[in-house]
Each structure stands twice: as C-alpha cells, then as structure tokens.
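Engineer:
Numbering (the UniProt record's numbering), first residue to last: 1 to 193.
1. By the 10 Å Cβ neighbour count, where 16 or more other Cβ atoms means buried, how is residue 188 classified, buried or exposed?
2. Determine the direct distance from the alpha carbon of residue 73 to that of residue 95, and round the result to whole angstroms.
3. Shortest alpha-carbon distance to residue 53 belongs to which of 38, 164, 111?
4. Identify, in the order they occur along the chain, each residue of the same chain with its Cβ nearer than 7 Å to the Cβ of residue 24, setting aside the five sequence neighbours on each side.
5. For residue 27, which three-state DSSP category applies?
6. Which of the three DSSP states, helix, strand or coil, is assigned to residue 73?
7. Mapping the DSSP letters down to three states, classify residue 123 as helix, strand or coil.
8. Beta-carbon separation of residue 108 and residue 62 under 8 Å?
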C-alpha cells in the first residue's frame, strides 16, 4: 500500500472509531483531523466532500472489511448453512464477551440509522450495503444447496436474526441471545441437501 493509500485508510479507521463512539453528529472535522494528526488540508485532499463523503466511505469500507472477514473466517468453515450461521453467531458472541468495540456490522447499522437524517448520499450508501449483505448471505445459502427462492427468504431472516441479536447483545453486554441461535437455527433453517 502506498503512502497516500495508507493515509486515507488511517483516516477511515479513525473516523470509523469516532463515528461508532459518538455518532455522525457527535463528531466534527476538527476532531477527526486531530485524531489523525493531519492538517485540515490533507483531510480535504482525501475527502473534498467533507464529513458526508467520509461517512459514505466509512460505510463502504466497513462493509468491505466485514464481507472479507465473513468469507474468510465464517463461510469457509462448512457447506452446511446451519453450521455456518451458528458459527457466525458464536464468533459474534465471543466478540461481545471480549469487549470488542467497533464491530463493522454495528458501524454500518449505526451509520445507516443516522443516514436517514443526514444526506441522500449516505442513505443510499447504507441501503446499498444492506442489499449487498443480503446477497452475501443468499449466495452462501445457494452454495449450501438452497434454491434461489428459499435462499432469498432465509437470507433476510438470518440477517435479521443474527444482526438483531448482535445489537441486543451489544447494548446489554450479554451474549446469551447470540449463543441461543444455535438452538433455534436447526428449526428455522431446514436442511436443503
């Protein structure tokens, strides 16, 4: 990675952390610039559209990193959908228990919720990322043997079940609901093989 790309990546990471801690409206450009230890001109070099352009980039960057992690660490464990998504819930439960902040899926969620009130660009980026997230799950379900119709239905259910429980567990600092998914999924996700 060249110096310019490294600096842009550093700005994205710092902004992602700040947005996840304080929300879009709670973070100003001066705080981002200070956290990155860069001049304001450097910030605008990478993000001439200001904080809104940065927020859109943060949402896309968070999704790209989350997708890469899911493909590498979750989807690769099995071709059985129940095993895969139970493993996903287990990994997220461990993240909650280990106090891991800045989970990429939560950053996407929080930015997506705020996006409705921020800008059309950020709202569109958030919607696009959620559509890609459903497609990611649907494609894995199809690789596990589900037909397209069922994979589409189950991908929406899984996103809601797992991500909804992640939010609940993150707020309560209790991973029980994520851990209980392993008991629910065999009944909710019939075997297609």
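C-beta atoms are modelled at their ideal positions from N, C-alpha and C, and glycine is treated no differently.
Structural biologist: With the given structure in hand:
1. It is exposed - the Cβ of residue 188 has fewer than 16 other Cβ atoms within 10 Å.
2. Straight-line Cα distance between these residues: approximately 13 Å.
3. Of the listed residues, the one whose Cα sits closest to residue 53 is 111.
4. The answer, listed in chain order, is 55, 111, 114, 118.
5. Three-state DSSP puts residue 27 in coil, outside helix and strand.
6. Helix, per DSSP.
7. Helix at residue 123.
8. Less than 8 Å separates the beta-carbon of residue 108 from that of residue 62.
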